[in-house]
Amino acid sequence: MAAVGVTLVLWASAFVAIRHLAGAFSPGSLSLGRLLVGSGCLAVVAMGRGLPRPTGRQWASIVTIGVLWFGVYNVALNAGEHHVDAGTAVMLIQVSPVLVALLAAIFLHERFTTFLALGLALAFGGVALIATASGGSSGDRSMLGVALCLLAAVVYSVSLVLQKPLVASMPAIHVTWLACTIGAVVCLPFLGQLVDDTRAASASDIWWVVYLGIFPTAIAFTTFAYALRTMSASSLGVTTYLVPPITIVMGWLFLSETPPTMAYVGGVLALVGVAVARRKPRTLADEPPVPA
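Counting from 85, one number per residue, gives the positions in the sequence shown under this note's numbering.
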């Protein structure tokens, strides 16, 4: 359980750190800085398990994941948190499991169940409430932040669907390291901004960028992988529901900001939708669980 706790706190802290750095680093430069540090740290762990040798088809998936998950996702999330608080951002990202289930039903031919349909309706009803609450507080800028966070959730979901068959034939650490490195390459056009932002930033802000690369990226992935070996995937997945409240508390403590009141209602509704969508229909015969 210690590994689970570390993972959740580190993931939650990433949203708060990104929000804190919004005034010091541009979305692109922050993405590049974080990915460069994360790629270097992940390389140490990944190379300890041997040199990866993906096939041509696997490379295609890895490159796509690197561009979407580590490139587009990070830039979109960082840009989104220029306009909305960390708690609102994490509640929007938390609808990803519903999107993953929908995409898996479409592209991986998994079952589209009644629970999934109901979960989709609830989750997007929650998103609508969050968007309405955020738009009412700060106008168009907040609505832009909501849209960017939803874009991040979509590309993250697509990446997870692509990753699912990939990690069945390759170690997850190798997939993550290679994709993270590709994401850093994709963000290289922001190198000039990173240099300028780093020169103007305080030492504290620079260390926060390093923190994002080491802790929520490299260490959190390692602790998550360890937790996955010691408990079921479904049980571990349920614990991720704790990330939004942890993020909200940390945002309140360290940044003195919280989401609009109605956004809490929308966040709860979205989480209920995620929980409903993840339910599996009962069958007449008990079947053994499929290994994660």
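Think of the CB as a built atom: it goes at the ideal place given N, C-alpha and C, for glycine as much as any other residue.
Since GLY140 is in the alpha helix (DSSP H), which residue starts that stretch and which ends it? On the sequence shown, position 56 is the one that residue 140 refers to. First-last of the alpha helix (DSSP H) with GLY140: 140 to 149.
Spatial distance of LEU262 from GLY124 (CA atoms): As a first step, residue 262 is located in the sequence shown; it is residue number 178 there, counting from the start. As a first step, residue 124 is located in the sequence shown; it is residue number 40 there, counting from the start. Spanning the two alpha carbons is a distance of roughly 11 Å.
LYS248 versus LEU275: straight-line alpha-carbon distance, rounded: By one-based count along the sequence shown, residue 248 stands at place 164. By one-based count along the sequence shown, residue 275 stands at place 191. Cα-Cα distance, rounded: 31 Å.
Distance cut-off 7 Å: ALA201 Cβ against heavy atoms of the ligand ATP: The ligand ATP is absent from the structure shown, which contains no ligand whatsoever.
Rounded to whole angstroms, how far is the Cβ of ARG103 from the Cβ of GLY335, which I believe are closer than 8 Å? The residue given as residue 103 occupies position 19 in the sequence shown. The residue given as residue 335 occupies position 251 in the sequence shown. ARG103 to GLY335, Cβ: 7 Å. Contact.
Using a Cβ-Cβ cutoff of less than 6 Å, which residues in the same chain neighbour ILE266 once the five nearest sequence positions on both sides are dropped? As a working mapping, residue 266 is identified with position 182 in the sequence shown. Taken in chain order, the residues that qualify are VAL147 and GLY150.
Give the straight-line distance between the Cα atoms of THR331 and VAL100, rounded to the nearest whole angstrom. Translated into positions along the sequence shown, residue 331 becomes position 247. Translated into positions along the sequence shown, residue 100 becomes position 16. Each residue's Cα considered, the two are about 7 Å apart.
Looking at the structure shown, is MET85 part of a helix, part of a strand, or coil, going by DSSP? Locating residue 85 in the sequence shown gives position 1, counting from the first residue. Here MET85 sits in coil by DSSP.
Could you tell me whether the stretch 167 to 180 touches the stretch 336 to 350, where touching means 3 or more Cβ pairs closer than 8 Å? yes
Output the boundary residues of the alpha helix (DSSP H) element that contains TRP291. Position 207 of the sequence shown holds residue 291. That run of the alpha helix (DSSP H) goes 287 to 296.
Rounded to a whole number of angstroms, what is the C-alpha to C-alpha distance between ARG118 and VAL293? By one-based count along the sequence shown, residue 118 stands at place 34. By one-based count along the sequence shown, residue 293 stands at place 209. Those two C-alpha atoms are separated by around 6 Å.
Are the CB atoms of ALA354 and PHE109 within a distance shorter than 8 Å? Counted from its first residue, the sequence shown places residue 109 at position 25. Counted from its first residue, the sequence shown places residue 354 at position 270. No, the pair does not count as a contact, with Cβ atoms beyond the cut-off.
In the stretch 93 to 175, which residue ranges form an unbroken alpha helix (DSSP H) of at least 4 residues, counting only runs that do not cross its ends? 111 to 131, 140 to 149 and 157 to 164
Compute the Euclidean distance between the alpha carbons of VAL184 and THR307, then round it to the nearest angstrom. The residue given as residue 184 occupies position 100 in the sequence shown. The residue given as residue 307 occupies position 223 in the sequence shown. Cα to Cα, VAL184 sits roughly 22 Å from THR307.
Rounded C-alpha distance that separates MET131 from THR323: The count along the sequence shown starts at 1 and reaches residue 131 at position 47. The count along the sequence shown starts at 1 and reaches residue 323 at position 239. Those two C-alpha atoms are separated by around 29 Å.
Who are the near neighbours of ILE298 in its chain, counting only those whose CB is closer than 7 Å to its CB and skipping five residues on each side? Indexing the sequence shown from 1 puts residue 298 at position 214. For ILE298, where only same-chain residues beyond five positions count, the Cβ hits under 7 Å are VAL121 and CYS125.
Beta-carbon of LEU244 versus every beta-carbon of chain D: anything under 8 Å? In the structure shown, chain D does not exist; there is a single protein chain.
Residue range of the alpha helix (DSSP H) that includes THR260: On the sequence shown, position 176 is the one that residue 260 refers to. That run of the alpha helix (DSSP H) goes 256 to 270.
What would DSSP say about PRO344, mapped onto helix, strand or coil? Along the sequence shown, read from residue 1 onward, the residue named residue 344 stands at position 260. Residue state, collapsed to three classes: coil.
Leaving out the 5 sequence neighbours to the left and right, which residues in its chain are closer than 7 Å to LEU94 when beta-carbon positions are compared? Residue numbering aside, residue 94 sits at position 10 when the sequence shown is read from its first letter. If we look at LEU94 and ignore the five residues flanking it on each side, its Cβ neighbours are PHE299, PRO300, ILE303 and ALA304.
Is ALA252 helix, strand or coil by DSSP? Working through the sequence shown from its first residue, we reach residue 252 at position 168. In the structure shown, ALA252 sits in coil (DSSP, three-state: anything other than H, G, I, E or B).
Roughly how many angstroms lie between the CA atoms of ALA144 and THR345, to the nearest whole one? The residue given as residue 144 occupies position 60 in the sequence shown. The residue given as residue 345 occupies position 261 in the sequence shown. Roughly 43 Å between the two C-alpha positions.
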